[in-house]
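The structure under discussion appears below in the form of structure tokens.
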């Protein structure tokens with residue numbers, strides 16, 4: 286029996302953050318496939334520079350954030366194109382954000398209201414900040430040139 290048999294080892298160690306309980310840094314990476322399922326038309330719309338919402342066939346409520354069924358009556362909804370201009374219903378300035386937004390902080394989020402639409406649409410506002418933003422301020426949609434098929438493909442600017 287050979288007592289000199291060893292597993293190969295690398296030179297890097299493990300970063301220890303805490304000892305009781307032991308907390309270590311472990312890099313994890315994975316590619317996964319994600320389906321937008323029934324919301325796919327919304328993201329395809331963004332790629333085609335369109336805002337799509339949904340309207341209940343039974344009670345005619347129009348949702349800016351699409352859904353498959355009405356939250357009032359439970360009826361099925363149909364896709365409708367939303368206006369690309371609206372007004373700031375309310376806003377907030379975010380000084381902290383997730384990793385995707387760290388380079389953009391501070392940034393302004395707005396809830397946009399559209400004529401003929403019963404709910405609000407959450408998005409970023411670019412081109413105005415601080416005292417330049419006001420409730421009722423007219424805004425219009427803009428879209429990324431190269432769609433990433435994410436909700437952040439659309440943003441708003443002062444109209």
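Numbering (this note's numbering), first residue to last: 286 to 444. Idealized CB from N, CA, C, for every residue including glycine. Since this is a predicted model, take the numbers as computed values, not measurements.
Under 8 Å, do residue i and residue j count as touching if we go by C-beta distance?
i: residue 437; j: residue 404; result: no
i: residue 328; j: residue 397; result: no
i: residue 387; j: residue 365; result: no
State the Cα-Cα distance for the pair residue i and residue j, rounded to the nearest angstrom.
i: residue 420; j: residue 391; result: 19 Å
i: residue 444; j: residue 424; result: 4 Å
i: residue 374; j: residue 402; result: 13 Å
i: residue 332; j: residue 317; result: 21 Å
i: residue 406; j: residue 358; result: 21 Å
i: residue 334; j: residue 435; result: 13 Å
i: residue 346; j: residue 400; result: 13 Å
i: residue 306; j: residue 287; result: 37 Å
Determine the closest residue to residue i out of the options, with distance taken between C-alpha atoms.
i: residue 353; options: 325, 425, 294 and 319; result: 325
i: residue 302; options: 409, 311 and 295; result: 311
i: residue 422; options: 291, 376 and 355; result: 376
i: residue 408; options: 334, 394 and 323; result: 394
Below 8 Å on the Cβ atoms is my contact criterion, and I expect residue i with residue j to pass it. Report the Cβ-Cβ distance as a whole number of Å.
i: residue 314; j: residue 339; result: In fact, because the Cβ distance is near 36 Å, the residues do not count as touching under 8 Å.
i: residue 295; j: residue 309; result: Going by Cβ atoms, the distance from residue 295 to residue 309 rounds to 15 Å, so no, they are not a contact pair.
Would you be able to state if there are at least three C-beta pairs under 8 Å between the region 359-370 and the region 380-396? no
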